[in-house]
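Chemist: Mind having a look at this structure? Questions to follow.
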Amino acid sequence: IEAIDEEIAYHQIHGGGQIVCKFNSMNDMVVMNKLVEASQVGVDVFLIIRGIACLKTGIEGYSEKITIKSIIGQYLEHSRIARFGQGPRARYWLGSGDLLNRNTQRRVEVFVEVKDKASKEQLEFILSTEMDPQAFGWYMDASGEYRSNVKEATYHSQNVIRDYFSAQKAVDIVLPVSKPSLLSRLRTFFLPSKTK
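Under the working numbering, think of the first position of the sequence shown as 2, with each following residue one higher.
Next up, the structure:
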């Protein structure tokens, strides 16, 4: 919510606000209302939602700046990515849960901001590929129905993303493992710390 508010504030001063989210499903009213608020001040909101999306798009004066695209293909995508802003000021987040009431109100879910430049470039590749109007998908219209862009589409984003990551060089990360000394293990065993 804070990140959406920050993008709204930025757009009201500078223009060019943008929010892009990729989730499996979305029905959380607080988040949806905040995205509608962003749309109403002119922030472009692009949502890549594979499954349930309880927010209607393209309603004049309400959600005309919101686009919802569903991508179904050979692979069951399961990533949760959010980008606030665009270009050099873009901030990327990865999360463990979808924007569902059960996740935002009754579970502990984690979102972390991505700081690594190479990782941000990979996330941008995923989002920009899936947002491309030439990439196959289903777009929600103002009635809540989905319309395929199969006549305009020239490729499936899943194939492009698969090829991109298949070409990436694997990196092995080996971290040193520190083993506690025998004395410290005995101390822990015989003198456990007191907890309240």
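All residues carry an ideal CB built from backbone N, CA and C; glycine is no exception.
In terms of residues, what are the limits of the beta strand (DSSP E) holding Phe-1?
Modeler: Since the first residue of the chain shown is 2 and the last is 197, residue 1 is not available in this structure.
Chemist: If you drop the 5 nearest sequence neighbours on each side, which residues of the same chain put their C-beta closer than 7 Å to that of Phe-121?
Modeler: Residue 121 is actually Lys in this sequence, not Phe. So the qualifying residues of the chain are Tyr-93, Val-115.
Chemist: Considering only residues of the stretch 85-123, which uninterrupted beta strand (DSSP E) runs meet the minimum length of 3 residues and lie entirely inside it, listed in chain order?
Modeler: Complete beta strand (DSSP E) runs here, min 3: 92-96, 112-115.
Chemist: Between the Cα of Gly-88 and those of Leu-128, Arg-108, Thr-105, spot the shortest distance and give me the residue it belongs to.
Modeler: When only C-alpha atoms are compared, the closest one is Leu-128.
Chemist: Measure the alpha-carbon distance for Asp-6 versus Asp-133 and round it to whole angstroms.
Modeler: Rounded to whole angstroms, Asp-6 to Asp-133 spans 26 Å at the Cα level.
Chemist: Is DSSP giving Ala-54 helix, strand or coil here?
Modeler: Looking at Ala-54 - three-state DSSP - the assignment turns out to be strand.
Chemist: With a CB to CB cut of under 8 Å and the five nearest residues on each side skipped, what residues in its chain are close to Val-31?
Modeler: So the qualifying residues of the chain are Ile-2, Thr-105.
Chemist: Please identify the residue among Leu-95, Ser-71, His-79, Phe-85 whose C-alpha is closest to the C-alpha of Ala-10.
Modeler: Minimum Cα distance to Ala-10 is reached at Phe-85.
Chemist: Please determine, among Ala-83, Asp-45, Trp-139, the residue with the shortest C-alpha to C-alpha distance to Glu-125.
Modeler: Considering only alpha carbons, the answer is Ala-83.
Chemist: What do you reckon, are the CB atoms on Arg-107 and Leu-95 nearer than 8 Å?
Modeler: Contact: no.
Chemist: Alpha carbon to alpha carbon, how far is Asn-160 from Val-113?
Modeler: Those two C-alpha atoms are separated by around 27 Å.
Chemist: Report yes or no: do the stretch 139-148 and the stretch 51-69 share at least 3 C-beta pairs separated by less than 8 Å?
Modeler: Yes: the two stretches touch, three or more of their Cβ pairs being nearer than 8 Å.
Chemist: Output needed for Leu-56: all residues of its chain with C-beta closer than 6 Å, excluding positions within five of it in sequence on either side, in chain order.
Modeler: Same-chain partners within the cutoff: Met-33.
Chemist: Taking the alpha-carbon of Leu-77 as reference, which of Ile-50, Val-37, Val-111, Leu-192 has the nearest alpha-carbon?
Modeler: Per the Cα distances, Ile-50.
Chemist: Can you tell which of Val-178, Lys-70, Phe-190, Ile-162 has the C-alpha that lies nearest to the C-alpha of Gly-138?
Modeler: Comparing Cα positions, the closest option is Lys-70.
Chemist: Measure how close the beta-carbons of Gln-123 and Tyr-156 come, nearest whole angstrom, since I'm counting them as under 8 Å.
Modeler: With a Cβ gap of about 19 Å, Gln-123 and Tyr-156 do not count as contacting.
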